[in-house]
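Trainee:
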Amino acid sequence: MLHKDKEVRIRFAPSPTGQLHVGSLRTALYNYLPAKKLGGSYILRIEDTDRNRFVPGALENLIHILDEMGVHHDEGLFFDNDTLTQKGNNGPYIQSQRLPIYKKYVAELLEKGKAYYCFCSMTRLTTLREEQTQKKMAPKYDKYCLSLSHEEIEERLTSNESYVIRLNVDENYGEVIFNDLIRGQVSIHSKDVDDQVLMKSDGFPTYHLANVVDDHLMRISHVIRGEEWLSSTPKHILLYEAFGWELPQFAHLPLLLNPDKSKLSKRQGDVSVEAYLEKGYLKEALINFVALLGWNPGSGNTQEIFTLDELVQQFDISKIHKAGAVFDIKKLDWMNAEYIKKLTLDELYEKAVPFLTQKELFQKWQMCHQEYTQNERDNFIKRVLEIEQDRLTKLSDVGDHNLFFFTETLTYDTALLHWKKNTGVETKSALERALTFFTSFTDNEWNNRKALEEKCMNEADEYARILGGAEAGKGRGDFLWPVRVALTGAERSPSPFDVAFVIGKEQSIQRLTSAFEKLN
RNA sequence: GGCCCUAUCGUCUAUCGGCUAGGACAUCAGGUUCUCAUCCUGGUAAGAGGGGUUCGACUCCCCUUAGGGCUACCA
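Counting from 381, one number per residue, gives the positions in the first sequence under the working numbering.
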């Protein structure tokens, strides 16, 4: 099926209209993966033929974000050191710089009678469409200008009349049949194919012309794009045939969907890669997640977590699905948490600090601890992260679950200090005991999380034993619960020894003292 | 309206004629545990409907239904 004898050259050809859509990221990936898997080239071409949709900076942003996501192209348009450059022998790789090429090929079409001038006004086209829809017919151009004489065309051209150039579709051609790598044989009758505009009145080509010309000239072997292009593929095939060019392999990808199954849109949540990155999703998780929306290795392979390299190794176009896939943020959350758990502390630190430092709770903490050196500050952050790592869904969640790390004035109901149905007398003695216990620590011991935990658990057991142990219905909780609440003021939190480890000896003793005094 | 595509748990999916329909997320229950999170165990949950073909259909064919895409001098 795949032309193994032919050089594999696969392109991703986005329009720079703003931020990178997650659907586009997946399309990019589904082009990149087979290109790499088959040992071919992955090319980035920019399709900027719509001047009305020009967005300043969008092009640079597009290239930058693709690069940041790790989907690197071998050929095409690059953005190095703030300047646009092109790499490869098939350029330019931006369509607005290829206008003379399209002119040349459209002239060839004109000459062959496969295309024709059209001078119809917008109002004529609009009324034509209205009439057709009223008669419940499919809106289609009526070939009105096809019958224009050479003289008349010349005359109108010289008088600078506005015109477009249309594809001359032969209604009697019959079924246009093609074999889609994902959908199998697809056929659409030529009578249902419109005389598509190929060259707009502003001299720019439409997608259809530019795409076909460029794919041929750039020797693209596989055209892998969204399903929205499926119904215009016959136009493209007719163009390839008009030029006498060999067809590439086509593969039309299923769409990404909203929870209500409509096409993924901004109305129902974030759609840009940038937005997800800003929300604290890791690029690796995003790539992994999006890759699995419409593809999986199949045949009993239940692997869910993939690196980019593993995706390249295992990818197979024939295993791409036909049906659209709902973008389920819950599964992305799970996957992101998995990736966060796998990070080393240093990696987590590097990725999470930007999120933490922009938080008010952290800024306030920093104000209160201006005496801290950079080292002491980093040390504190790393301790926080060490404890939070298993509790994070997104990087932006850092600190949110454990506010008591950052504030020294705890407000809580004294009743919370008592574990279950404790009398309060025991709570007080537990706090008293914890106070002497923590005071006995050296700084060195305090900095060792494992040792701190071990000693703390021993102390809890010892305390439970003194109270009478299991026989008396007493346990570790009689010690650990009040200590934890004293340190956090919260009903839910990490273990007391973990909290103590983060906030330090001095602060721990201070909080225990304060709790103890509350009980008087 | 026309043309085209699609259809397995709520969601992502395995299955390429033999199925007690498997996995993951979510959800529920239990365990570990001072609480939370992590972790471990288990449960609920699916082949849109109707016809064929076949010894046998989730798998192949047809119809219906539902959803989606396209229907621009946008991509």
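We put the beta carbon where it would ideally sit given N, CA and C, even for glycine.
Across the segment 592 to 611 and the segment 619 to 626, are there enough close Cβ pairs to call them in contact, namely three or more that are closer than 8 Å?
Mentor: The segment 592 to 611 makes contact with the segment 619 to 626; the number of CB pairs closer than 8 Å reaches 3 or more.
Trainee: Please go through the segment 537 to 561 and give each complete beta strand (DSSP E) segment of 3 or more residues, from N-terminal end onward.
Mentor: 544 to 547, 555 to 560
Trainee: In whole angstroms, give me the CA-to-CA distance for Y930 and V805.
Mentor: No statement about residue 930 is possible, as the shown extent of the chain runs from 381 to 900 and does not include it.
Trainee: Quick check on this structure: which residue in V706, V592, W675 has the alpha carbon closest to the alpha carbon of S642?
Mentor: Out of V706, V592, W675, V706 has the C-alpha closest to the C-alpha of S642.
Trainee: Can you grab the Cα-Cα spacing for the pair G583 / T429, in whole Å?
Mentor: 10 Å
Trainee: Between the Cα of L442 and the Cα atoms of F434, L790, Q399, which residue gives the shortest distance?
Mentor: Q399
Trainee: With I533 and K702 assumed to form a contact (beta carbons below 8 Å), what rounded beta-carbon distance in angstroms separates them?
Mentor: Contact flag wrong, Cβ pair sits at about 45 Å.
Trainee: When DSSP labels each residue in this structure, what does G471 get in the three-state scheme?
Mentor: Three-state result, G471: coil.
Trainee: With distances taken from CA atoms, which of V764, F785, F784 is nearest L775?
Mentor: Comparing Cα-Cα distances from L775 to each of V764, F785, F784, the minimum goes to V764.
Trainee: Sorted by chain position, which residues of the same chain lie with C-beta nearer than 7 Å to I767's C-beta, five sequence neighbours on each side aside?
Mentor: P874, D878, V882
Trainee: If I follow the unbroken alpha helix (DSSP H) through D522, where does it start and stop?
Mentor: That residue, D522, is in no alpha helix (DSSP H); it is neither H nor E in DSSP.
Trainee: Spatial neighbours of E727 within its chain, please: C-beta separation below 6 Å, excluding the five flanking residues on both sides.
Mentor: Closer than 6 Å at Cβ, skipping near neighbours: no residue.
Trainee: Could you please give the first and the last residue of the uninterrupted beta strand (DSSP E) stretch that includes S404?
Mentor: Where S404 is concerned, there is no enclosing beta strand (DSSP E), although the alpha helix (DSSP H) it sits in stretches over 402 to 417.
Trainee: Does K384 pass the burial test, meaning 16 or more other C-beta atoms within 10 Å, or should it be called exposed?
Mentor: Low per-residue confidence applies at K384: pLDDT is 49, beneath 50, and the placement is therefore not dependable, though the value from the model is reported in the following sentence. So K384 counts as exposed.
Trainee: Could you tell me if Q565 is buried or exposed, where buried requires 16 or more neighbouring beta carbons within 10 angstroms of its beta carbon?
Mentor: exposed
Trainee: Going straight from the alpha carbon of Y410 to that of S404, what length do you get?
Mentor: 10 Å
Trainee: Can you tell me whether D758 is buried or exposed, with buried defined as 16 or more other CB within 10 angstroms of its CB?
Mentor: exposed
Trainee: From the DSSP output, in three-state form, read off F686 for me.
Mentor: coil
Trainee: Within the continuous alpha helix (DSSP H) that includes A495, where are the two ends?
Mentor: No alpha helix (DSSP H) holds A495; the beta strand (DSSP E) holding it covers 495 to 498.
Trainee: Less than 9 Å separating the beta-carbons of S820 and A866?
Mentor: no
Trainee: Only counting the same chain, and skipping five residues up and downstream in sequence, which positions put a Cβ closer than 6 Å to that of N559?
Mentor: Q565
Trainee: Which whole runs of the alpha helix (DSSP H) in the segment 581 to 624 are 4 residues long or more, in chain order?
Mentor: Taken in chain order, the whole alpha helix (DSSP H) runs of length 4 or more contained in the segment 581 to 624 are 587 to 597, 613 to 623.
Trainee: Are the CB atoms of C498 and R431 nearer to each other than 9 Å?
Mentor: At a Cβ-Cβ threshold of 9 Å, C498 and R431 do not count as neighbours.
Trainee: Closest to Q890 by C-alpha separation, out of F459, L815, K835, would be which residue?
Mentor: Residue L815 is the option with its Cα nearest to Q890.
Trainee: Looking only at its chain, what residues have a beta carbon closer than 6 Å to the beta carbon of R389, apart from the 5 residues adjacent to it on each side?
Mentor: So the qualifying residues of the chain are G420, S421, R599, I600, S601.
Trainee: Is it true that the CB of F785 sits closer than 9 Å to the CB of W745?
Mentor: yes
Trainee: Helix or strand or just coil, what does DSSP make of A870?
Mentor: Note: A870 maps to coil in three-state DSSP.
Trainee: So L537 and Y496 are in contact, right, with Cβ under 8 Å, and what is the actual spacing, rounded?
Mentor: The C-beta separation of L537 from Y496 comes to about 13 Å, leaving the pair out of contact by the 8 Å criterion.
Trainee: In terms of residue numbering, what span does the beta strand (DSSP E) encompassing V566 cover?
Mentor: 564 to 569
Trainee: Can you tell me whether S910 is buried or exposed, with buried defined as 16 or more other CB within 10 angstroms of its CB?
Mentor: Here the chain covers residues 381 to 900 and nothing more, so residue 910 does not appear.
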